[in-house]
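Everything below concerns the one structure shown next.
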Amino acid sequence: MTVPHPVTHHDVVVVGARCAGAATAMLLARAGYDVALVDRAALPQDTTSTHSLVRGGVVQLARWGLLQEVLDSGAPPIRSVWFHEYGPQAPDPVRRTVKDRAGVDLLLAPRRHILDRILADAAVRAGATLLTRTTATGVLRGAGGRVVGVSARDARSDQRELTARLVVGADGVHSRLAGWVGASTVASYAASGACLYTYVDDVPWDGIEFHLADEAFGGVFPTHHGQGCVWLIRPTTAFAPVLRAGAGRADAWLRALRETVPGLADRVLPDSISAPVRGAVGLPNHLRQAAGPGWALVGDAGYHRDPITGHGITDAFRDAALLADAAGHFLGEPGPGRRDDPAREAAAMAGYQTERDAAVADTFRVTRALGDFPRASRFLELQGELSRALEVEASQLAERTVRVGGVVPAA
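Laid out in C-alpha cells, this is it:
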C-alpha cells in the first residue's frame with residue numbers, strides 16, 4: 207500500500223532561508239501570511255561571503271528592528287573606511303569617516319552564520335514555519351502551468367508537498383528553482399575575477415580597508431570575535447598559482463597578498479590566519495527574470511554580479527522588501543487556497559521586476575567596469591560612482607513606505 211505524501215498549504219513558500227529568503231519570509235509573516243521557509247542546510251551554517259553591509263543594508267536592519275540585535279551579537283560597528291594605493295607616486299592612505307546619513311552612522315560586516323540565524327529567528331517569531339534539512343526537489347504546477355507549490359524531501363528522505371499562492375526562490379546564484387520555473391536570463395556578461403579570503407586574528411583593525419594595486423583589489427572587513435575578513439580579488443588568470451596550490455593555498459594566497467598589497471600583508475602573519483582560504487572563482491554576472499505566474503526570485507537567485515563591489519547582502523534585503531510589497535498587492539487578505547486575480551498578480555510582479563531592475567542598474571554597470579581591472583585612476587573614479595549610487599539607494603530605502611510587514615522601530 208502506497209502511503210500518500212503529506213501535503214501542507216500556505217500562502218507563501220520560500221526556498222532558501224538565508225539573507226534574502228529569511229528577510230522575505232519575515233516581512234510576509236509579519237503581514238499575517240502563512241509562510242513556510244525551506245532550506246536544505248542544517249542552519250545555522252556558514253556560507254561563502256565577505257560579509258559587508260553597505261549603508262542600505264544597515265538601513266534595512268534598522269527599519270526591521272534588528273540592528274541592535276546584530277550589534278548585540280558582537281558585530282563591530284564600523285565607522286571609518288581607509289583607502290590605500292600602491293605603485294609609483296601613490297598617494298598617502300586616506301581615512302574617511304562614515305557619515306550619519308539615511309538614519310545610520312555605521313557599517314557592518316557580520317559573520318553569515320550569525321546574521322542568517324538572526325534573520326531566520328525573526329521570521330519564526332513573526333510566525334513563519336522554518337523547515338531545515340529539507341530539500342526542494344521541484345515545483346508543483348496547476349492549471350495553465352502556474353506554479354502552485356514545491357515538492358521536497360526531508361533529512362530522512364521522506365517526501366512531502368507544500369502548496370502556495372506564491373513560491374519564492376531565494377536559493378542563491380545557482381538557483382535550482384530558477385531553472386525549474388524557466389526564469390529567462392535578461393542580461394549576462396562574462397565572469398571576471400576571483401575573490402579569495404580568510405579570517406585573521408589579533409589585529410586591531412581600524413575600520414574597513416581597501417587596497418588598490420595593478421590587477422589587484424584587497425581589503426579587510428572587521429567582523430565578529432575581533433577577527434578581520436581579509437580578502438584579495440584578482441583576475442582569475444593572475445590567481446592561477448593560488449588556485450593550483452592545493453594544501454598550500456594559504457601560503458600561496460599570502461604570497462600573492464605580499465606581492466600586490468604589501469601594506470595589508472604586513473599585518474597578516476601566518477599564525478594569525480584562523481581559517482582556510484576560501485572564496486569564489488568565475489561567478490556569473492547576470493540578471494534573471496524576476497517573476498512569473500506563481501513564482502518570484504530574490505537576492506542572488508535573481509541577480510548576481512562580481513563580488514568586487516561587495517553588495518550582495520544589501521541586494522538581498524532590498525529585493526525582500528520590494529517583493530513583499532508587490533506580493534501584498536495581489537495576495538490581499540491572508541488565507542491559503544484563496545483565489546487570486548491573475549491580472550492583479552501580473553501587474554504586481556511586473557512592478558516588482560521594474561523596481562528591481564532599476565535598483566540594480568547603476569551597481570551592475572559599475573561592477574562590470576570594475577571587473578575589467580582598469581588603471582588605478584579609473585578604478586577610483588568608478589568607486590566614487592559606486593559610492594554615490596549606494597548612498598542614493600540607502601536614502602531611497604530609508605524613505606520608502608513599507609506596505610507589508612510594517613516598519614518596526616529599531617530597538
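Counting from 207, one number per residue, gives the positions in the sequence shown under the working numbering.
A virtual CB, placed ideally from N, CA and C, is assigned to each residue, including glycine.
Predicted, not measured: the structure shown is a model, and the values here were computed from it.
By Cβ distance, which residues of its chain are closer than 6 Å to residue i, with the 5 residues on each side in sequence left out?
| i | result |
| --- | --- |
| I519 | C225, L259 and G263 |
| V330 | L336 |
| H177 | The question about residue 177 has no answer here: the residues shown for the chain are numbered 207 through 617. |
| T466 | A419 and A422 |
| V572 | L588, E591 and L592 |
| G424 | H417, L438, V467 and L470 |
| F445 | A400 |
| F523 | A229, G263 and Q266 |
| H211 | Q365, R366 and E367 |
| E275 | I324 |
Using C-beta distances below 7 Å, list every residue in its chain close to residue i, excluding the 5 sequence neighbours before and after it, in chain order.
| i | result |
| --- | --- |
| M207 | Residue confidence for M207 is low, a pLDDT of 39 falling below 50, so the modelled location carries little weight; the figure read from the coordinates is stated next. Closer than 7 Å at Cβ, skipping near neighbours: no residue. |
| V392 | L493, R494 and Q495 |
| D472 | none |
| V613 | Residue confidence is low: V613 scores 44 on pLDDT, short of 50, so the model does not pin down where it sits. Its coordinate-derived value is still stated next. Closer than 7 Å at Cβ, skipping near neighbours: R269. |
| E561 | L528 |
| V409 | G434, R473 and S478 |
| V209 | Because V209 carries a pLDDT of 46, less than 50, the predicted location of this residue cannot be relied on, and no value is offered for it. |
| F585 | L418 and L576 |
Write down the C-beta distance between residue i and residue j rounded to the nearest angstrom, noting that I regard them as a contact closer than 8 Å.
| i | j | result |
| --- | --- | --- |
| D245 | T340 | 7 Å |
| V474 | V406 | 5 Å |
| P428 | R323 | So it is not a contact: roughly 20 Å between Cβ atoms. |
| P482 | A462 | Not confirmed; about 16 Å, so no contact. |
| V353 | R347 | 6 Å |
| V194 | V374 | Given that the chain is displayed from residue 207 to residue 617, the structure contains no residue 194 and the question cannot be resolved. |
| S398 | D512 | 5 Å |
| H319 | D252 | 5 Å |
Could you pull out every residue in the same chain whose Cβ sits closer than 8 Å to the Cβ of residue i, ignoring the five residues on either side in sequence?
| i | result |
| --- | --- |
| Q559 | Q495, A496 and A497 |
| T607 | none |
| Q433 | Y405, V406, D407 and S480 |
| R359 | T340, T341, T343, Q365 and R366 |
| S390 | R494 and Q495 |
| P294 | none |
Please say whether residue j and residue i have beta carbons closer to each other than 7 Å?
| i | j | result |
| --- | --- | --- |
| V241 | V218 | yes |
| A507 | T230 | no |
| G222 | A376 | yes |
| W640 | V356 | Outside the displayed span of the chain (207 to 617) sits residue 640, for which this structure offers no information. |
| V304 | L314 | no |
| A530 | L233 | yes |
| Y395 | N491 | yes |
| C435 | H257 | yes |
| I414 | I514 | no |
| G333 | A235 | yes |
| Y509 | V448 | no |
| R301 | S286 | yes |
| P316 | A349 | no |
| A595 | D568 | yes |
| T443 | V487 | no |
| R545 | F536 | no |
| A533 | G557 | no |
In the DSSP assignment, the beta strand (DSSP E) including residue i goes from what residue to what residue?
| i | result |
| --- | --- |
| R484 | R484 to V487 |
| G355 | V353 to R359 |
| D217 | V213 to V221 |
| G508 | Neither: G508 is in no beta strand (DSSP E) and is coded neither H nor E. |
| V374 | Q365 to G375 |
| T335 | T335 to L337 |
| V241 | V241 to V244 |
| L503 | W501 to L503 |
List the endpoints of the continuous alpha helix (DSSP H) containing residue i.
| i | result |
| --- | --- |
| S344 | Rather than Ser, the amino acid found at residue 344 in this sequence is Gly. It is not in any alpha helix (DSSP H) - G344 instead sits in the beta strand (DSSP E) that spans T341 to R347. |
| T254 | First-last for T254: undefined, no H or E at that position. |
| G557 | P548 to L576 |
| E605 | A582 to E605 |
For this session: Could you pull out every unbroken alpha helix (DSSP H) segment of at least 4 residues lying fully inside the segment 264-313, listed in chain order?
Result: Listed in chain order, they are 273-278.
Problem set entry | Ranges of the alpha helix (DSSP H) found wholly within the segment 450-493, counting only runs of at least 4 | Entirely contained in the segment 450-493, the alpha helix (DSSP H) runs reaching 4 residues are, in chain order, 455-466 and 468-471.
Exercise. Taking the runs of the beta strand (DSSP E) that are 3 residues or longer, which of them lie wholly in the segment 381-464?
Worked result: Runs of the beta strand (DSSP E) lying entirely within the segment 381-464, each at least 3 residues long, are 391-395, 399-406, 414-419, 422-428 and 434-441 in chain order.
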